[in-house]
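First comes the structure, then the notes that go with it.
Numbering (my numbering), first residue to last: 139 to 382.
Put into structure tokens, the structure is as follows:
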């Protein structure tokens, strides 16, 4: 039961940091979140845990869901172009991390080094995980952005945000899960464990998407000076004299 209660706290902490990142840094914070969350999710996913009643699942699901939340929030407040740009930024971050860490692992460690084996364990699978993430992320995130914009045409009121975000994310996250699990885990785990990971990962993402909806409603209320259109300065006696 420890994993269950710790998992609930874990989700809450992730959502709180998501809100703080947007509250403190605005649109730039969401770009930063996409970069950080992409890397963290791909590290966490290498760890499998058991949840009551003995369900096998990987970590990283919460972070993956917050990536969809970030793109949906950017789409909602700033438009489709900003959401697509954030997706590309996530690609760049993941590719950069993968290349640099593979180069770092190639260095011959000093005899007293204690980090190489641990780094190999964490990042040794990263090329395959990164390939799975890149393909799944590319397909699912752009699908999510497109679906969100399409659903918004029919359910565009402020109260219908939950329809837009849940509808787009629940479809695109299934595509993401199927592609990622096939590329990253096929052949590593037997069919039973692979199927459990696939189903439980999607179910968890489904539940986390629903749980994250109130977080998006809260985030949407945040306003920033940079969001407001530039207004011309009021004309003063000094400006009149200058223009004259």
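C-beta: ideal position from N, C-alpha, C; glycine also.
Asked: As assigned by DSSP and simplified to three states, the class of residue 241; Found: helix
Asked: Residue environment, residue 230, which counts as buried when at least 16 other CB atoms sit within 10 Å; Found: exposed
Asked: Sequence ranges, beta strand (DSSP E) only - wholly within the segment 194 to 263, length at least 3; Found: none
Asked: Stretch pair the segment 284 to 294 + the segment 337 to 348: three plus CB contacts closer than 8 Å; Found: no
Asked: Best match in 256, 306, 269 for proximity to residue 234 [C-alpha to C-alpha]; Found: 269
Asked: Pair within 9 Å by beta-carbon distance, residue 171 and residue 156; Found: yes
Asked: Residue 187 vs residue 177 beta-carbon contact at 9 Å; Found: no
Asked: Simplified DSSP state of residue 327, which is helix, strand or coil; Found: strand
Asked: Own chain partners of residue 362 with C-beta closer than 6 Å, once the 5 adjacent residues on each side are dropped; Found: 164
Asked: Chain-order list of residues whose beta-carbon lies under 8 Å from that of residue 227 (same chain, five-residue window excluded); Found: 169, 172, 173
Asked: Helix, strand or coil at residue 371 [DSSP, three-state]; Found: For residue 371, the predicted model reports a pLDDT of 44, less than 50, meaning its position is unreliable and no value from the coordinates is stated.
Asked: Residue 186 - DSSP class collapsed to helix/strand/coil; Found: strand
Asked: Rounded C-alpha distance that separates residue 184 from residue 190; Found: 20 Å
Asked: Check whether residue 280 and residue 222 have beta carbons under 9 Å apart; Found: yes
Asked: Option in 255, 316, 283, 354 with minimal Cα separation from residue 204; Found: 354
Asked: Where residue 359 sits in the DSSP three-state scheme; Found: coil
Asked: Under the three-state DSSP convention, the category residue 294 falls into; Found: coil
Asked: Inter-residue CB distance, residue 149 and residue 200 (contact presumed, cutoff 8 Å); Found: 5 Å
Asked: Three-pair Cβ contact test at 8 Å for the segment 254 to 262 versus the segment 205 to 222; Found: no
Asked: Proximity of residue 214 and residue 299 at Cβ, strictly below 9 Å; Found: yes
Asked: Short Cβ contact (9 Å threshold) for residue 202 with residue 365; Found: no
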